[in-house]
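Counted the way our numbering counts, the sequence shown spans residues 483 to 658.
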Amino acid sequence: MKKCFLLTRPDHDLITKYLFYWSRLVIKEAKNVGFKVLDIRGKKATRKNFLTYLKKYQPQLILFNGHGADDLVTGYENEILVEAGKNEEVLSGTIVYSRSCESAKALGPAAVKKGTTAFLGYKKDYFLCYSQLSVRQPLKDKVASLFLGPSNLIPTCLLKGKLVKESFAESQRKMK
């Protein structure tokens with residue numbers, strides 16, 4: 483069975499648009515190293531589509547791009563995709579990187595208790611700065627690159643077969 487990488491890329495506001503565009507670099511790397519890419523993008527980043535893809539393809543790695551809270555992650559127009567105490571078991575057997583505010587606070591531990599292999603994310607707000615001069619070209623935004631470049635290292639390192647701990651450490655080194 484081919485290795486499979488699933489990512490959500492809603493694009494309904496400025497922050498999700500930045501994550502949407504910067505995730506293109508991760509998608510390119512996934513394809514380069516032989517992963518089947520399941521890109522749930524734009525308006526298709528719904529709970530129904532996410533759960534359908536998850537069940538059908540059983541990805542090894544998941545990247546959430548979107549908004550969140552301590553117990554959940556969202557997709558397009560902030561529709562809840564996964565929520566602690568409701569459906570975190572759907573992540574069982576996967577490695578998850580959640581680029582959303584606070585989702586590692588409660589959702590991460592709950593998901594791991596239900597069988598998620600690893601959950602990387604943020605216990606506080608996910609912070610992203612950008613240049614007003616570059617909002618029409620997010621990939622050329624040098625300010626955003628200071629945040630999203632290191633953030634992209636986590637999934638790209640995982641895709642290349644690095645351990646979760648190594649992927650996290652590499653991202654942290656790049657932030658310094």
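Beta carbons: idealized from backbone N, C-alpha and C, even for Gly.
Same chain, Cβ closer than 7 Å to residue i, neighbours up to 5 away in sequence not counted
i	result
Gly643	none
Ile636	Tyr579, Leu602, Ser649, Phe650, Ser653
Met657	Pro632
Val515	Leu641, Lys642
Phe532	Thr490, Ile522, Gly557, Leu563
Residue i - DSSP class collapsed to helix/strand/coil
i	result
Lys642	coil
Asn569	coil
Ser616	helix
Gly631	helix
Val508	helix
Phe609	coil
Ala551	strand
Ser649	helix
Gly597	coil
Gln654	helix
Glu624	At residue 624 the sequence reads Lys, which differs from the Glu that was named. Of the three classes helix, strand and coil, the one that applies to Lys624 here is helix, per DSSP.
Gly516	coil
Lys484	coil
Ala527	coil
Ala592	helix
Residues near residue i by beta carbon distance below 8 Å, same chain, minus five either side
i	result
Ala586	Ser580, Phe601, Leu602, Gly603, Tyr604, Lys605
Lys596	Glu570, Glu571, Leu573, Ser574
Val508	Leu489, Leu545, Asn634, Pro637, Thr638, Leu641
Beta-bridge partners of residue i, as assigned by DSSP
i	result
Asp521	Leu489
Ser580	Phe546
Thr556	Ile562
Leu696	Residue numbering for the chain in the displayed model covers 483 to 658; residue 696 lies beyond these limits and cannot be assessed.
Residues near residue i by beta carbon distance below 6 Å, same chain, minus five either side
i	result
Asp450	No information on residue 450 is available, as it lies outside the stretch 483 to 658 that the chain covers here.
Ala593	Glu570, Leu573, Phe601
Glu511	Thr638, Leu641
Proximity of residue i and residue j at Cβ, strictly below 8 Å
i	j	result
Leu641	Phe502	no
Trp504	Leu630	yes
Gly567	Thr556	no
Leu543	Ile577	yes
Lys499	Pro620	yes
Pro541	Leu563	no
Leu565	Leu554	In the sequence as displayed, the identity of residue 565 is Glu instead of Leu. Their beta carbons are under 8 Å apart, which means Glu565 touches Leu554 by this criterion.
Say whether the stretch 579-589 touches the stretch 599-610, bearing in mind that this needs 3 or more beta-carbon pairs closer than 8 Å, one atom from each stretch. yes
Do the stretch 527-541 and the stretch 486-494 make contact, defined as three or more Cβ pairs closer than 8 Å? yes
Three or more C-beta pairs below 8 Å linking the stretch 536-543 and the stretch 567-579: yes
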